[in-house]
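Positions in the sequence shown are counted from 1; adding 61 to them yields my numbering. One structure is given below, encoded as C-alpha cells.
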Amino acid sequence: MSDTGYTKAPAETNLSTTNGPKDDVNFKLDERLAADSFWLASWPLCELRRFDDQRYVWLMLVPRRADMTEFVDLSEADQVQLAREIKQASEMLLQDARQRQQKVKLNVGALGNVVSQLHIHVLLRQPNDPAWPGPVWGHSAALRFAAAQQQQELTRWQALL
Numbered sequence: 062m063s064d065t066g067y068t069k070a071p072a073e074t075n076l077s078t079t080n081g082p083k084d085d086v087n088f089k090l091d092e093r094l095a096a097d098s099f100w101l102a103s104w105p106l107c108e109l110r111r112f113d114d115q116r117y118v119w120l121m122l123v124p125r126r127a128d129m130t131e132f133v134d135l136s137e138a139d140q141v142q143l144a145r146e147i148k149q150a151s152e153m154l155l156q157d158a159r160q161r162q163q164k165v166k167l168n169v170g171a172l173g174n175v176v177s178q179l180h181i182h183v184l185l186r187q188p189n190d191p192a193w194p195g196p197v198w199g200h201s202a203a204l205r206f207a208a209a210q211q212q213q214e215l216t217r218w219q220a221l222l
C-alpha cells in the first residue's frame, strides 16, 4: 500500500476531541460529523474518521477545506488527491476484510443531504448487516463504541495505515 503522508494519533489520545492538523485555517469540522465519528489520522487532504457505529466497518474522509459542499468545489489538484485518499481508504477496508476472510461489498458515497459539508463515506457491507441490502443512512440508531473500544479501533486501523 502506498504512503498517504498521514499523521497518527498518540496512543493516549482522547479520540472524541482530537483532530489532526488543518491545512485551511478556516476549516471547521461540522459538529454533527464530529459527534458521529472519531479521528483516526490526518492524510494530506482529509481527516480520516471512523464512523461511531459498531455494526459497520465505516470510514469517513473529510477534506480540510472551508465551505466545501460538492466535489466540484475542490480545486482540480484537491480532486485528484481526494480520489487517491478514497482509494487508500478503500484498500485499507478491503485488506482488513481479506485478513478476516469476510465476503463484503465496498460502498463509497458522498450524499450531503443531512450534513452539507463535503465528506465521503467509505464502508463495507455484508449480507448479515442490519440494513442489508438497503442503505445504512438513517436505517437505525448507531451502536456506539465505548471509549476503550474507540482506542482499539484506532490501534486496529493505524496498523493498516
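Beta carbons are placed, not taken as given, at the ideal position from N, Cα and C, and that holds for glycine.
List the residues that DSSP assigns as beta-bridge partners of residue i.
i: M227; result: No information on residue 227 is available, as it lies outside the stretch 62 to 222 that the chain covers here.
i: V169; result: V183
i: F99; result: R111
Grouping DSSP H, G and I as helix and E and B as strand, with all else coil, what is residue i?
i: W218; result: helix
i: S262; result: Nothing about residue 262 can be read from this structure; the chain reaches only from 62 to 222.
i: F132; result: helix
i: R93; result: helix
i: N158; result: Checking the sequence shown, residue 158 turns out to be Ala, not Asn. DSSP places A158 in helix when its eight states are reduced to three.
i: D139; result: helix
i: Q213; result: helix
i: R126; result: coil
i: Q163; result: coil
Below 8 Å between beta carbons: does that hold for residue i and residue j?
i: M153; j: L204; result: no
i: R186; j: V169; result: no
i: F132; j: L120; result: no
i: A192; j: H180; result: no
i: F88; j: R126; result: yes
i: Q178; j: D97; result: no
i: W100; j: R93; result: no
i: L122; j: A102; result: no
i: L143; j: C107; result: yes
i: G173; j: T216; result: no
Is it buried or exposed for residue i, if we count other Cβ within 10 angstroms and need 16 for buried?
i: W198; result: exposed
i: D114; result: buried
i: V141; result: exposed
i: V175; result: exposed
When the Cβ atoms of the stretch 134 to 141 are set against those of the stretch 157 to 174, are three or more pairs found closer than 8 Å?
no
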